[in-house]
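What the sequence shown shows, in my numbering, is residues 19 to 167, in sequence order. Here the structure is laid out as structure tokens; the discussion comes afterwards.
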Amino acid sequence: MVQASVTKRYRFCAAHRLHTDHFSPEENWAAFGKCNNPNGHGHNYVVLVTVSSAVSAAIGGSVNLDRLDRIVDEQVVARFDHHDLNLDPEFANCTTTGENLVLLIWDLLVKHLPAGQLEKVGLIETRDNYFEYAGPASETSVLREGRHG
Ligand code: NI
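So, in structure tokens, the structure goes:
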């Protein structure tokens, strides 16, 4: 069976502040600079979700894109759009960096998609910042692998 990849783009707007309670104010400033501004700031995030699709001549591809849209809208867009990421329970103990956010989005999606279908999640935070995650080596949850460690 030939496999192709399909990528869909989604968007949400959210506020955040890069800050950790594990650091002093000076250490937070040194680590995060202006992103540590107490008033926070916002981004127009773009999420690129790549799934694998089994290609057959008759049907074309195996991915149900309407279903994918619904899952991403419910699990990611509705959760984060016009929210403060720092208030999300998943960020209670970890910083709202692009790396942590792309890992969280992977975790939110992978458990709702057919096993092995999710190939990669990309996250555009600013014009010049792009993060991506293609999953753990095995099909285990990122959360169990110590993202919050
Ligand atoms: Ni930011």
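From the three backbone atoms N, C-alpha and C, an ideal C-beta is built for every residue, glycine too. In this text the structure is predicted, and so the values were computed from the model without any measurement.
- Cβ-Cβ distances below 6 Å link G140 to L66 and E150 in the same chain, with the five nearest sequence neighbours on each side left out; the list follows chain order.
- In the three-state DSSP reduction, V81 falls in the coil class, being neither helix nor strand.
- Take V94, set aside five residues on each side of it, and the residues of its chain with a beta-carbon closer than 8 Å to its own are Y28, F30, V65, I123, L126 and L127, in chain order.
- Contact between A33 and L119 does not hold, since the beta-carbon distance rounds to 13 Å and is not under 8 Å.
- For L136, there is no enclosing alpha helix (DSSP H); the residue is part of the beta strand (DSSP E) that begins and ends at L136 to I142.
- At least one heavy atom of ligand 1 lies less than 7 Å from the C-beta of H59.
- Using a Cβ distance threshold of 8 Å, H61 and T113 do not count as a contacting pair.
- Per the coordinates, the alpha-carbon of K26 lies some 12 Å from the alpha-carbon of L136.
- Relative to ligand 1, even the nearest heavy atom lies 7 Å or more away from the CB of H37.
- Per DSSP, A48 is one residue of the alpha helix (DSSP H) stretching across P43 to F50.
- When the alpha-carbon of D84 is set against those of V24, A155 and D146, the nearest one is in V24.
- Look at R27 here: in three-state DSSP terms it is strand.
- Under the DSSP definition of a beta bridge, A33 partners with G60 and D102.
- Counting other Cβ atoms within 10 Å of its Cβ, L105 stays below 16 and is therefore classed as exposed.
- For D39, the closest alpha carbon among the candidates F109, H101, G134 and I142 is that of F109.
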